[in-house]
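For the protein sequence lines, the chains are L, G, S and U, in the order given.
Numbered continuously in our numbering, the first sequence closes out at residue 344.
Numbered continuously in our numbering, the second sequence closes out at residue 344.
Numbered continuously in our numbering, the third sequence closes out at residue 344.
Numbered continuously in our numbering, the fourth sequence closes out at residue 344.
Every residue gets a Cβ at the ideal spot worked out from N, C-alpha and C, and that includes glycine.
Only a predicted model underlies this, so the values are computations on that prediction, with no experimental measurement involved.
Below is one structure, written out as structure tokens; comments come after it.
Protein chains: 4
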Amino acid sequence: MIINMRERASDEQIQHIIDRVKEAGFQAHITRGSERTIVAAVGSGGRRHELEALAAAAGVEEVVPIAQPFKLVSRQVKPQRSVVDVAGVHIGDGSFVVIAGPCSVESEEQLFSTAKAVKAAGAKLLRGGAYKPRTSPYEFQGLGVEALKLLRQVREKFGLPVVTEVMGTEDVEVICEHADMLQVGARNMQNFNLLRRLAKVDKPILLKRGPSASVKEWLLAAEYLLAGGNPNVVLCERGIKTFETETRNTLDLASVALARELSHLPVVADPSHGTGRRSLIPPMSRAAAALGADGLIVEVHPCPERALSDGPQSLDFSAFEGLMRSLAEPLRPEMVKEVKMATV
Amino acid sequence: MIINMRERASDEQIQHIIDRVKEAGFQAHITRGSERTIVAAVGSGGRRHELEALAAAAGVEEVVPIAQPFKLVSRQVKPQRSVVDVAGVHIGDGSFVVIAGPCSVESEEQLFSTAKAVKAAGAKLLRGGAYKPRTSPYEFQGLGVEALKLLRQVREKFGLPVVTEVMGTEDVEVICEHADMLQVGARNMQNFNLLRRLAKVDKPILLKRGPSASVKEWLLAAEYLLAGGNPNVVLCERGIKTFETETRNTLDLASVALARELSHLPVVADPSHGTGRRSLIPPMSRAAAALGADGLIVEVHPCPERALSDGPQSLDFSAFEGLMRSLAEPLRPEMVKEVKMATV
Amino acid sequence: MIINMRERASDEQIQHIIDRVKEAGFQAHITRGSERTIVAAVGSGGRRHELEALAAAAGVEEVVPIAQPFKLVSRQVKPQRSVVDVAGVHIGDGSFVVIAGPCSVESEEQLFSTAKAVKAAGAKLLRGGAYKPRTSPYEFQGLGVEALKLLRQVREKFGLPVVTEVMGTEDVEVICEHADMLQVGARNMQNFNLLRRLAKVDKPILLKRGPSASVKEWLLAAEYLLAGGNPNVVLCERGIKTFETETRNTLDLASVALARELSHLPVVADPSHGTGRRSLIPPMSRAAAALGADGLIVEVHPCPERALSDGPQSLDFSAFEGLMRSLAEPLRPEMVKEVKMATV
Amino acid sequence: MIINMRERASDEQIQHIIDRVKEAGFQAHITRGSERTIVAAVGSGGRRHELEALAAAAGVEEVVPIAQPFKLVSRQVKPQRSVVDVAGVHIGDGSFVVIAGPCSVESEEQLFSTAKAVKAAGAKLLRGGAYKPRTSPYEFQGLGVEALKLLRQVREKFGLPVVTEVMGTEDVEVICEHADMLQVGARNMQNFNLLRRLAKVDKPILLKRGPSASVKEWLLAAEYLLAGGNPNVVLCERGIKTFETETRNTLDLASVALARELSHLPVVADPSHGTGRRSLIPPMSRAAAALGADGLIVEVHPCPERALSDGPQSLDFSAFEGLMRSLAEPLRPEMVKEVKMATV
């Protein structure tokens, strides 16, 4: 931590800060500049929050942290990439894992036909909501346990492991019985009671980034899971809130690359929520694949215009197949020749 | 709902939409323009979500809602303002209620001295966190039940009703036993399991706006409480996330005025979280008072530089007294003369 | 500047930074912590940009500035508040100056009737656009010189000094001939060619904050004017872009208080653009007055529904009168008693 | 346009709107719903802005446009993609054109060595700033005409056409004499005087998206160029301002795909400004290539830590070569097998 004193800070104020830094268990190194004085708190065994509070002390301009606040999720602590095993499907091993399925589980027919179609097209995991977080209390809230039972049948019938959202601690047990991976939705990214509970389950967690969470806050949410005992975490970027209204959210693909740079955890992208427009899902999926994402999560519905939720951003089976085929196409074939010629 | 067809929509596509509008329980009114056709779904008994999903149908450009999605919180449903009674303190009756206290309850001495000081200066309710939502798992997480007990003692000893945050459904019961008002924090504004649970308690709720929640989403979160049976809701604007980094958040005071225009619920402002800078708390408090807010919630600590959380944005006793005095000063005395002269 | 080295920075990398700091004209103070090393560049005569570029050097985590980048606009350089004289009207002297008028000058009748009405209600300056920045090339672009002539007549006929927007260097001369204050619009806040040109005129400048400009960037734009020779600058907050769509922009009133804290320049607020909703203009005007703003700029039109631009956010004469009267009302009369009782 | 009346709008208010719609040159179609009435203005010859102003009329809730406001840039007007010829280099023909070079032209040696290196690695155009828009007046402002002369020499010596920024109308002529393509910087995207002037030059324009411009506003800025007579416009996404501070801006790659969907103009991406972090430039470049962008613009400097501007986000020659090679690598080779197997 660096404590940056105000220009007119008095000697007493500076001495007070030096005393408080020592009291907090750190050494104090002082740099007196032409305009102001800086106090650096050095050492590793002290109480960090006591330094942060010094921003409130007289004569202090600001307190600037110089180390990342997360530990267990960091590549500095664990340089090699983590691989998360979801009932036999490996995320983070260099492959590109596509998770697909309906926003909400609506019926056996809807779910089974979707499972069959997405598996045939190359998806490795099925998504489907049983408990739905909805902005309005008057919207469809999900089928609950009935949906969980259908999801379990999918796994048995089609050999597709399933991912479903958990909205609160009271649902953790029943979801663990039925699903292979538990999703923490964007709105719950900082539901710390839920995170603490999920740190104790033996299922992998898909942790979505909150719509206004910085990459640091997202990694710190994951830190709750790892610090609590669950190392099986996959991060998922699903778009942030910005002023742009043509897309439902702004899919921050740089955050996928950045989270993979700062952390060893696998990171996937959700172009369905990330854009909210069907036409943008295939190009953004290719973009995520190109920059090294560990996979995708995509909404697919047999008949989007009859979906009980998220219809406008759902692909039908044929569009999903087209998306999967586009992932097998080359990046930019003309560049191969260009760059070869240039480097000869 | 208006279904806006694409310019090149075919007659079949338009007819399909007309059929689907009727199937969803509405009448379809068609307007054929020079460039495109609009289908208006008219009536009140239909299934709204079926119309929304039509954004996914062929030939549809967009589906535009023309009515607000909230009902019970709306002034169209209840034009007269609601007054919420918090153990005898009335919020929403035209008065300006100041809620003050420490971010976290840290000790009996800290809490009691603060309670005494803020009461003396004019605060009507005490705030104090027992369960703290913290970005990092390594930060102080609150004293829990021990803090709740201290809060109850404050109420008895000082006659100050207390407000404290509830972070999950598992804590609702114990908090209801000790506190007079339950706060839903910004990060939990769309924790729908929690909202559904709090709809069933007989304590008033202070519902903070999420850092990336639109005013509509905030009102819909309140709608969960009212629709579930709890009409005693006070809204609290506490700043939204923007690109500006000089302030911790951007306090959106227009949302206070707007929420009071759209809803009958009382609305208070939180300049402590809303700005994150002590120097800005008094001017923003005066601004909130001037525009008609129903009150404030402000962080006060005996020694901000030793606070276990939110020190940089906490006022000490003397600064809080100064804030209260500034609320008793006139708006702009010189304008009284100016405007009188002008209108003579 | 503080150069924060990476955890694994080598001795050679650290030495390289020390050498480069000296080469840039500063002294280098080194602090070796338990995890990483910090190099502080100390002194005032060096080349700051050479330090900033060191963020690109091997082994460097980040370069953190510890001094504000602006000088002449700063209260550290000039603690006493500046007063800007606009043809005899003083902005910044503690009074609350209301600038009012139509978005665009449309006709003699429209302009004169508005001038008469706003003056009668207490406005001190008239605003009116001659050259209009419009998002679309197909929208009304202003009457140009014809409008300027009408504005000059207003000043003569009604004794109201006039403010009008300048969109480019080519229009500076003619506007200076006709207007008393030149407005730099939000979209041009970082039109540096224009700022450099306006630094050379002898008229005061109303500098609007850009819709995505931080307070620092805004003050640095003003610094261009002061550094170039024009000290007569009034800052104007007019709302920033955020995710909220119920209001046209988010009026960041904290930035008004903050700009007045960091700078000696007067600061006014524009609730018309800042909210885009007529109903919110009076409460936000009162809020601006309460926190100490130096004035307001408000759009007024004889018949908003016939305005060629910005009708939805314009007040008619009667609404403007109501606004002015509301500025003469007390802040919160009940608080006077409350606080007195509390402090007895 | 749809004029959405308030729930309690009176018959007189509705009739007034019907009259005004007709007066503005449109037909009025009325839909009376269970709760409110909608008036649709139909026809193509009317005065659109008169309808927009009706938002200010009594009884009106909102006025909702149902057609895109841009015309000439739209794919509805011109479905086939435009190809822009920059001194023989074609942008928009399906190839992926890389523009590279220093942020600022600093010296002959710096510029020539960079031109040689980027050409060898496969770049097709050189970028380099002669006039620099800088946030602070105390930062390096560019070498001006001296830089332009060096740029012209590059074109002659290395056969690389050059792109440089134009900051104001006064510089248009001299830049046209020296450069092959004129860049409008992000801060000037809505400098309408500049856009109107550039509509009259016979050089192609690279139009950067403003940091807070919506895709619609960006396309309308391009509309100024096309409507004024210059069809040779390449759009460039360079990141928008959001709450995320780990990256300098948030590169909105979905806007590249969306702009290509809505418009026939070519669209390139700027990952240097878009991220501000060297490590993120290669992955975001691959992402842009994968989603169909027409090219890139990238900052390259012989020694980024000595750059006079934008060092932290500049690549050195070796990193740029690596970037170019990465563009020639396959998208995700493992998906080829996966998807083939799936579709067998």
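Query, Result
"Residues that residue 4(U) bridges to, as DSSP identifies them", "38(U), 62(U)"
"Beta-carbon proximity check, residue 161(U) vs residue 58(U), cutoff 8 Å", "no"
"Assigned secondary structure, residue 337(U) (DSSP; H/G/I helix, E/B strand, else coil)", "helix"
"Members of the stretch 28-55 of chain U that neighbour chain G once the beta carbon cut-off is set at 8 Å", "29, 31, 32, 33, 34, 35, 36, 38, 40, 42, 43, 44"
"Interface flag, residue 204(S) vs chain G, CB-CB below 8 Å", "no"
"For residue 81(L), the residue or residues it bridges with in DSSP", "According to DSSP, residue 81(L) bridges with nothing at all."
"Runs of beta strand (DSSP E) lying entirely within the stretch 73-117 of chain U, each at least 3 residues, in chain order", "84-86, 89-91, 97-101"
"Nonlocal neighbours in the same chain, by C-beta distance under 6 Å from residue 199(S), ignoring five residues either side", "225, 228, 229, 230"
"Chain G residues whose Cβ lies nearer than 8 Å to that of residue 165(S)", "Within chain G, no residue comes near residue 165(S); the closest Cβ sits about 24 Å away, beyond 8 Å."
"Given residue 175(G) as reference, the closest of 260(G), 203(G), 191(G) once Cα atoms are compared", "203(G)"
"Contact under 8 Å by Cβ, residue 20(G) with residue 54(G)", "yes"
"Beta carbon proximity, residue 21(S) to chain L, threshold 8 Å", "no"
"Three-state secondary structure assigned by DSSP to residue 153(L)", "helix"
"Residue burial classification, residue 252(L) (beta-carbon count within 10 angstroms, cutoff 16)", "buried"
"Alpha-carbon spacing of residue 67(L) relative to residue 32(S), whole angstroms", "14 Å"
"Residue-chain proximity (residue 261(S), chain L), Cβ-Cβ < 8 Å", "no"
"Same chain only: Cβ atoms within 7 Å of residue 106(G), ignoring 5 sequence neighbours per side", "308"
"Residue 267(L) (DSSP reduced to helix, strand or coil)", "strand"
"Segment limits, beta strand (DSSP E) that includes residue 208(S)", "205-208"
"Residue 129(S) - partner residues in DSSP beta bridges", "104(S)"
"Integer-rounded CB distance, given that residue 296(L) should sit under 8 Å from residue 91(L)", "Their Cβ separation, rounded to whole angstroms, is 11 Å, which puts residue 91(L) and residue 296(L) out of contact at 8 Å."
"Per-residue DSSP class, three states only, for residue 293(G)", "coil"
"Test: residue 240(G) CB closer than 8 Å to a CB of chain S", "yes"
"Min CB distance residue 187(G) to chain L below 8 Å", "yes"
"Span separating the alpha-carbon of residue 2(L) from that of residue 217(S)", "24 Å"
"Secondary structure, beta strand (DSSP E): runs of 3+ residues fully inside the stretch 146-190 of chain G", "162-165, 181-184"
"Cβ pair residue 212(U), residue 113(S) closer than 8 Å", "no"
"Anticipated Cβ contact below 8 Å, residue 254(G) with residue 290(S), distance rounded", "With 8 Å as the limit, residue 254(G) and residue 290(S) do not qualify as a contact, their Cβ atoms being about 14 Å apart."
"C-beta neighbour in chain L for residue 214(U), strict 8 Å", "yes"
"Extent of the continuous alpha helix (DSSP H) run through residue 141(U)", "Element bounds for residue 141(U): n/a, residue is neither H nor E."
"Exposure label - residue 233(L); buried when at least 16 CB within 10 Å", "buried"
"Residue environment, residue 11(U), which counts as buried when at least 16 other CB atoms sit within 10 Å", "exposed"
"Span of the beta strand (DSSP E) around residue 346(L)", "Chain L is shown from 1 up to 344; residue 346(L) falls before or after that span and cannot be answered."
"Reference residue 41(L), options 17(L), 83(L), 56(L), closest by Cα", "17(L)"
"Short Cβ contact (8 Å threshold) for residue 220(U) with residue 184(U)", "no"
"Sub-8 Å separation of residue 143(L) and residue 123(L) beta-carbons", "no"
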